[in-house]
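Reviewing the structure listed below.
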Amino acid sequence: MSTLENGVIRSPAVHAPGERQITFGQAILEAINEEMARDESVFIIGEDVAEAGSVFKVLVGLLDQFGPERVIDSPISEAGIAGIGVGAAITGMRPIVDIMFGDFTTLVMDQLVNQAAKTHYMSGGKLKVPMVLRTTLGASRRSAAQHSQSLHALFSHIPGLKVAMPATPYDAKGLMKSAIRDDNPVVIFEDKMLYQERGPVPEREYTLPLGQADVKRAGDDLTIVATSSMVYVALEAADNLASIGISAEVIDPRTTNPLDTEALVNSAKKTSRALIIDEGYQQYGVTGEFASVIADGAFYYLDAPVKRIGAMNVPVPFSPVMEDLTIPTAEYVVETAKALCG
Amino acid sequence: MSETNDTKPNATELDAEHWLQAYEQMAKIRAFEEAANELYTSARMPGIAHLYIGEEAIAVGICEALRQDDYITSTHRGHGHCLAKGAALDKMFAELLGKEAGYCRGKGGSMHIADQETGNLGANGIVGGSAGIATGAGMSVKLRGTDQVAVCFFGDGALGQGLLYESMNMAQLWKLPVIYVCENNQYGEYTHNSKTAAGSMVGRAAGFGVHAQAIDGQDIRTVHATARLVIDRARNGGGPAFLVCNTYRFHGHHVGDIDRPYRTREEEAEWAKRDPLKLLEDWLVKSKQAESDVFERIQQDVKSDVENAVNYALEASFPSESEVDRHVYA
Numbered sequence: 129m130s131t132l133e134n135g136v137i138r139s140p141a142v143h144a145p146g147e148r149q150i151t152f153g154q155a156i157l158e159a160i161n162e163e164m165a166r167d168e169s170v171f172i173i174g175e176d177v178a179e180a181g182s183v184f185k186v187l188v189g190l191l192d193q194f195g196p197e198r199v200i201d202s203p204i205s206e207a208g209i210a211g212i213g214v215g216a217a218i219t220g221m222r223p224i225v226d227i228m229f230g231d232f233t234t235l236v237m238d239q240l241v242n243q244a245a246k247t248h249y250m251s252g253g254k255l256k257v258p259m260v261l262r263t264t265l266g267a268s269r270r271s272a273a274q275h276s277q278s279l280h281a282l283f284s285h286i287p288g289l290k291v292a293m294p295a296t297p298y299d300a301k302g303l304m305k306s307a308i309r310d311d312n313p314v315v316i317f318e319d320k321m322l323y324q325e326r327g328p329v330p331e332r333e334y335t336l337p338l339g340q341a342d343v344k345r346a347g348d349d350l351t352i353v354a355t356s357s358m359v360y361v362a363l364e365a366a367d368n369l370a371s372i373g374i375s376a377e378v379i380d381p382r383t384t385n386p387l388d389t390e391a392l393v394n395s396a397k398k399t400s401r402a403l404i405i406d407e408g409y410q411q412y413g414v415t416g417e418f419a420s421v422i423a424d425g426a427f428y429y430l431d432a433p434v435k436r437i438g439a440m441n442v443p444v445p446f447s448p449v450m451e452d453l454t455i456p457t458a459e460y461v462v463e464t465a466k467a468l469c470g
Numbered sequence: 224m225s226e227t228n229d230t231k232p233n234a235t236e237l238d239a240e241h242w243l244q245a246y247e248q249m250a251k252i253r254a255f256e257e258a259a260n261e262l263y264t265s266a267r268m269p270g271i272a273h274l275y276i277g278e279e280a281i282a283v284g285i286c287e288a289l290r291q292d293d294y295i296t297s298t299h300r301g302h303g304h305c306l307a308k309g310a311a312l313d314k315m316f317a318e319l320l321g322k323e324a325g326y327c328r329g330k331g332g333s334m335h336i337a338d339q340e341t342g343n344l345g346a347n348g349i350v351g352g353s354a355g356i357a358t359g360a361g362m363s364v365k366l367r368g369t370d371q372v373a374v375c376f377f378g379d380g381a382l383g384q385g386l387l388y389e390s391m392n393m394a395q396l397w398k399l400p401v402i403y404v405c406e407n408n409q410y411g412e413y414t415h416n417s418k419t420a421a422g423s424m425v426g427r428a429a430g431f432g433v434h435a436q437a438i439d440g441q442d443i444r445t446v447h448a449t450a451r452l453v454i455d456r457a458r459n460g461g462g463p464a465f466l467v468c469n470t471y472r473f474h475g476h477h478v479g480d481i482d483r484p485y486r487t488r489e490e491e492a493e494w495a496k497r498d499p500l501k502l503l504e505d506w507l508v509k510s511k512q513a514e515s516d517v518f519e520r521i522q523q524d525v526k527s528d529v530e531n532a533v534n535y536a537l538e539a540s541f542p543s544e545s546e547v548d549r550h551v552y553a
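If you're matching them up, the sequences are chains A and B in order. Going by our numbering, the first sequence opens with residue 129, and the numbers climb by one from there. Going by our numbering, the second sequence opens with residue 224, and the numbers climb by one from there.
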């Protein structure tokens, strides 16, 4: 069973005692660094990725190591660099396209949805698009409505794309490495509030499969499915629930497409109650898909309707007092869980 | 940076034998498109197709200047590009009819034919949608250190798409070997480009410092000679180029666009005088490089090849139902 100790998720099943700890941002950089060293066809292109090491300083040092040919500062042309990624991927490269804010992925919709996602299928399996698009999600940086959204549901909807949303440094590194090696277009959403989060990451080589959920905390009375930074919200809520005698299991799908439906269903069968938390807008969000999967797969085992909590269905407001209202909190999760288990 | 409309290239760059091959390629495209039209009007082809008739000199003039390992990206009006780059008639027709023997196993259809063996990275149903892909192929060439070139075909309708300008800007910044070929057939769907494109077409690329030229797209000698210059230049590190090839689609926007109320019959008749096949034929005869009966023979040969390919495609099997969810992921 994993636990949340001082904000660090620790799973004895995975992590050795005394294992080194690095931040989520360092884990991303390590993954990219290792894959670029391992495979010459990997390169990264984006706004401020080279000289500045990205606006979140996650990529500092990459330019020095691999040079401007493979770490490329681009104009502010999101659609253009996504298109370059698709074309380079079709012709033998493994590009990483860096889109600074998840909100800006709306500018690359055609290149991802109509081009990258469909090229393999439309060509009858002849062409492949092994491309990674890394971007961010998450509110609470007081950045207002165009720099705070969590838009992973838009891409999870599209057949042909894979979508990963790591919560921990360990998951971030393992999923990023797998995404780079995958022969399909993979969109990775990194919560910008997690870059400084620390966690155990082994120094040995490892990858994590896309499509395998992780039990972040085992429990018996209630399943909480949570994505990205909502995993921390779920774990905090689980701690509080434990103190009032409710044992919550926290499941992190880690990728929304492919989705580890078996893990979600099996956990719900075991606990007979399910609550889903995600930072995307609740309406038409991934929470709806998860809830449907659980309702279909575990219907006869459920003691209550599946509940879901997403971000409030409003543009993310600037003023802190309002912004904080829009994001799921541990307190609200606890209240909802108590009602579910009542 | 020239903006002339009548570049007069050295017309003797190819010998008569090669010009006749080019003529045969154009005739093959023409015959293919006529057969596609016939398949549509006789209700034997699902969906629609956008015919390339009238524009053959551009695809052939340019692709004859490319190597097999060079890349092209194509458009919804893409049959001509695919054939000019080396696609086979039978697999093309099979794809148009949604058969498993088609280039894309029937999953792509008329607007999405791709064939990596001939460097065809795919036709595209999104106007201007392949500008980034061709530029990415150019980036890939640069990173892999090869001397391939990528040609991005698009119509004048794509001049309205921002992606094209983002792409050309980066291609020029990084000296990528990409040739942007605007087939200016005057109309985006049903609207004349005088209503949609402000200012100068070549000026748009020239603003980025990209070598930009407007040429006569009906004259394959002009197209080919210009293509050789800009392709060689790109292959040797000289960077991208932008060609506006002035042309005309002799048929409507697609096979179902029969009445064409948005343009006059007089305008069509004027352009019909500049049929690219006829222009090449006249020049070869006049310059005594070929006898006039050779063209008739070529026409008959390609029509016979097309007929065989159509029959092959009509008899080919549809994909099995189990094919529907294959190739969603690699």
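Glycine included, each C-beta is placed from N, C-alpha and C at the ideal position.
What residues in the segment 342 to 369 of chain B have a beta carbon less than 7 angstroms from any beta carbon of chain A? For chain A, the residues of the segment 342 to 369 of chain B that bring a beta carbon within less than 7 angstroms of one of its beta carbons are Leu344, Gly345, Ile349, Gly352, Ala354, Gly355, Ile356, Ala357, Thr358, Gly359, Ala360, Met362, Ser363, Leu366, Arg367, in chain order.
Report yes if the C-beta distance between glycine 345 of chain B and proline 269 of chain B is below 7 angstroms; otherwise report no. Not closer than 7 angstroms, so no.
Nearest-angstrom Cα separation, counted from alanine 396 of chain A out to alanine 381 of chain B: Taking the straight line from one Cα to the other gives about 51 angstroms.
Against arginine 550 of chain B, what residues of chain A qualify as contacts under a CB-to-CB distance less than 7 angstroms, listed in chain order? In the sequence as presented, arginine is not what sits at residue 550 of chain B; that position holds histidine. In chain order: His248, Tyr249, Gly252, Gly253.
List, in chain order, every chain A residue whose beta-carbon is nearer than 7 angstroms to that of alanine 199 of chain B. Look at the range of chain B in this structure, 224 to 553, and you will see that residue 199 of chain B is not part of it.
With 16 other CB atoms within 10 Å as the buried threshold, where does alanine 159 of chain A fall? By the neighbour-count rule (16 or more Cβ atoms within 10 Å), alanine 159 of chain A is buried.
Anything in chain A within Cβ reach of glutamate 330 of chain B, meaning under 7 angstroms, just list it in chain order. What sits at residue 330 of chain B in the sequence shown is lysine, not glutamate. Neighbours of lysine 330 of chain B across chain A, judged by C-beta separation under 7 angstroms: Tyr249, Met250, Gly252.
Minimum length 3: unbroken beta strand (DSSP E) runs contained in the segment 255 to 284 of chain A: Whole beta strand (DSSP E) segments, 3+ residues: 260 to 265.
Using a Cβ-Cβ cut-off of 7 angstroms, state whether alanine 536 of chain B counts as contacting chain A. Answer no: the Cβ-Cβ gap between alanine 536 of chain B and chain A never drops below 7 angstroms.
From the DSSP output, read off the bridge partner residues of glutamine 244 of chain B. Glutamine 244 of chain B is not bridged by DSSP to any residue.
Between threonine 230 of chain B and alanine 450 of chain B, what straight-line distance do the alpha-carbon atoms span, to the nearest angstrom? Here threonine 230 of chain B scores only 44 on pLDDT, less than 50, and its place in the model should not be relied on; the value that follows carries that caveat. So the two alpha carbons sit approximately 12 angstroms from each other.
What residues in its chain sit with their C-beta under 8 angstroms from that of aspartate 524 of chain B, if we drop five residues either side in the sequence? Taking C-beta separations shorter than 8 angstroms and ignoring five residues to either side along the sequence, the partners of aspartate 524 of chain B in its chain run Glu247, following chain order.
Please list, in chain order, the chain B residues whose beta carbon lies closer than 9 angstroms to that of glycine 471 of chain A. Since the displayed chain A opens at 129 and closes at 470, residue 471 of chain A lies outside it and no answer follows.
Would a check of beta-carbon distances place methionine 221 of chain A closer than 7 angstroms to chain B? Interface annotation, methionine 221 of chain A: in contact with chain B, CB-CB separation under 7 angstroms.
Rounded distance between the beta-carbons of glycine 208 of chain A and alanine 360 of chain B, thought under 8 angstroms: Between alanine 360 of chain B and glycine 208 of chain A, the beta carbon gap of about 14 angstroms keeps them out of contact (Cβ cut-off 8 angstroms).
Assuming cysteine 469 of chain A is part of the beta strand (DSSP E), what are its boundary residues? Counting along the chain, cysteine 469 of chain A sits inside no beta strand (DSSP E); it lies in the alpha helix (DSSP H) bounded by residues 458 to 469.
Rounded C-beta distance between valine 290 of chain A and threonine 383 of chain A? I'm assuming under 8 angstroms. Note on residue identity: the sequence assigns lysine, not valine, to residue 290 of chain A. In this structure lysine 290 of chain A is in contact with threonine 383 of chain A, their Cβ atoms being roughly 6 angstroms apart against a cut-off of 8 angstroms.
Can you list, in chain order, the residues of the segment 300 to 327 of chain B whose Cβ is nearer than 8 angstroms to any Cβ on chain A? Against chain A - using a Cβ distance shorter than 8 angstroms - the residues of the segment 300 to 327 of chain B are Gly325, Tyr326, Cys327.
Against isoleucine 212 of chain A, what residues of chain B qualify as contacts under a CB-to-CB distance less than 7 angstroms, listed in chain order? Neighbours of isoleucine 212 of chain A in chain B, taken as residues at a C-beta separation under 7 angstroms, are given in chain order as Gly355, Thr358, Gly359, Met362, Met393.
Host alpha helix (DSSP H) of cysteine 286 of chain B (start-end): First-last of the alpha helix (DSSP H) with cysteine 286 of chain B: 279 to 286.
So, does the CB of proline 381 of chain A fall closer than 7 angstroms to a CB anywhere in chain B? Interface criterion not met: the Cβ of proline 381 of chain A is under 7 angstroms from no Cβ in chain B.
Within-7 angstroms CB hit, aspartate 238 of chain A to chain B: Interface annotation, aspartate 238 of chain A: in contact with chain B, CB-CB separation under 7 angstroms.
Along the beta strand (DSSP E) that carries asparagine 469 of chain B, what are the first and last residues, could you check? First-last of the beta strand (DSSP E) with asparagine 469 of chain B: 464 to 469.
Would alanine 341 of chain A and proline 381 of chain A be called neighbours here (beta carbons separated by less than 7 angstroms)? Their beta carbons are under 7 angstroms apart, which means alanine 341 of chain A touches proline 381 of chain A by this criterion.
Within 10 angstroms of the Cβ of alanine 492 of chain B, are there 16 or more other Cβ atoms? Answer buried if so, exposed if not. That one is exposed.
What does the alpha-carbon distance come out to for the pair leucine 507 of chain B and tryptophan 494 of chain B? Cα-Cα distance, rounded: 20 angstroms.
Near valine 186 of chain A, which residues of its chain fall below 7 angstroms by C-beta distance, leaving aside the five closest residues on each side in sequence? Gly153, Ile156, Leu157, Tyr323, listed in sequence order.
Should the segment 536 to 543 of chain B be regarded as contacting the segment 308 to 321 of chain B, the criterion being three or more beta carbon pairs within less than 8 angstroms? In this structure the segment 536 to 543 of chain B lies against the segment 308 to 321 of chain B, because at least three pairs of beta carbons, one per stretch, are closer than 8 angstroms.
Would alanine 435 of chain B pass as an interface residue toward chain A - the criterion being a Cβ-Cβ separation below 7 angstroms? So no, alanine 435 of chain B is outside the interface.
Inspect the beta-carbon positions of glutamate 279 of chain B and proline 484 of chain B and report whether they are closer than 7 angstroms. Not in contact: glutamate 279 of chain B and proline 484 of chain B (Cβ atoms no closer than 7 angstroms).
Contact list for the segment 457 to 478 of chain B against chain A, Cβ threshold 7 angstroms: Using a CB distance below 7 angstroms, no part of the segment 457 to 478 of chain B faces chain A.
Collapsed DSSP secondary structure at arginine 401 of chain A in the structure displayed: In the three-state scheme derived from DSSP, where H, G and I count as helix and E and B as strand, arginine 401 of chain A is classed as coil.
According to the Cβ coordinates, are isoleucine 374 of chain A and aspartate 349 of chain A closer than 7 angstroms? Contact check for isoleucine 374 of chain A against aspartate 349 of chain A passes: the beta carbons are separated by less than 7 angstroms.
Which residues in chain B sit within 8 angstroms of serine 202 of chain A, going by Cβ to Cβ distance? Going along chain B in sequence order, the residues near serine 202 of chain A (Cβ under 8 angstroms) are Met393.
Going by beta carbon distance, what residues of the same chain come within less than 7 angstroms of serine 202 of chain A, once the five residues before and after it are set aside? Cβ within range, chain order: Ile173, Gly174, Glu175, Ile209.
Alpha carbon to alpha carbon, what distance is there between threonine 296 of chain A and glycine 327 of chain A? In this structure, the straight-line span from the alpha carbon of glycine 327 of chain A to that of threonine 296 of chain A is close to 7 angstroms.
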